[in-house]
């Protein structure tokens, strides 16, 4: 019994120290202190939960424009279905949409069943220029922090006009680049729709030099330094027929000393 209790204490201590932060756009907001998005508001509940944003959110943005958590299972806070630049409706339609068998644009197909942040046509009658979203996490006591996020994008992007850049700051300090987007206007990229169609589209987007497509890819980057709060800042702009999204924004501390402590504890248990 003592061994079991001691083992549980070690595991609990390490797990608590490594809990970090996570926003998955399905209701999980581990370690999140504040979230700022000027595009929409919610009357109650979580502002990062795609289903709650659908049920209790409101925005002045119209059809085809978005910068909010979304899911194929529900309409947006504007009462309209997922933007066509994002939704793959070639086989099955997202909520509020109709099946469009010749659809050749949209990275969120049937396999994407959870929530994510969907971004398209931020240049619209209600906004012009870059627009920013911020997540602030509690990182008190955390060290060796790594930030990761899943990203997808699809469309004919324009260099300098379409971007989604992630940066961070510690305790309100200066922003430091984390995941930087770019557009290669000299190549094209192949995407796969639910229908099996494989559209070839010019001028794809990259993150830190890695080509994006309709499949969410995980990007990870270290945070240099420590502090009490970590702000993840996303600056984005896009217009026309392109869209991108991100999911599972996580902040993971990796304290080597605690890992060694846990291993030492396990060794001690074995000797006993």
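Numbering (the numbering used here), first residue to last: 451 to 722.
C-beta atoms are modelled at their ideal positions from N, C-alpha and C, and glycine is treated no differently.
Quick caveat, the model's predicted, so the values are computed rather than measured.
Beta strand (DSSP E) runs wholly inside the segment 526 to 604, at least 3 long, in chain order
566 to 570, 581 to 588
Can you list, in chain order, the stretches of the alpha helix (DSSP H) that have 4 or more residues and sit fully within the segment 487 to 526?
500 to 506
Which residues does DSSP list as the beta-bridge partners of residue 638?
652
Can you round the beta-carbon distance between residue 671 and residue 592 to whole angstroms, since I take them to be within the 8 Å contact cut?
About 15 Å; that fails the 8 Å criterion.
Taking the alpha-carbon of residue 622 as reference, which of 492, 516, 678 has the nearest alpha-carbon?
678
Bridge-paired residues (DSSP) for residue 692:
605
Per-residue burial, residue 510 [other beta carbons within 10 Å of its own, 16 or more giving buried]
exposed
Tell me which residues share the same chain as residue 502 and place their Cβ nearer than 7 Å to its Cβ, disregarding the 5 neighbours each side in the sequence.
492, 495, 496
Comparing the C-beta of residue 656 with each C-beta of chain C, is any distance below 7 Å?
No chain C is present in this structure, which holds just one protein chain.
Proximal residues to residue 699 (C-beta, below 6 Å), its chain only, five neighbours per side dropped:
473, 599
For residue 680, the first and last residue of its enclosing beta strand (DSSP E):
679 to 687
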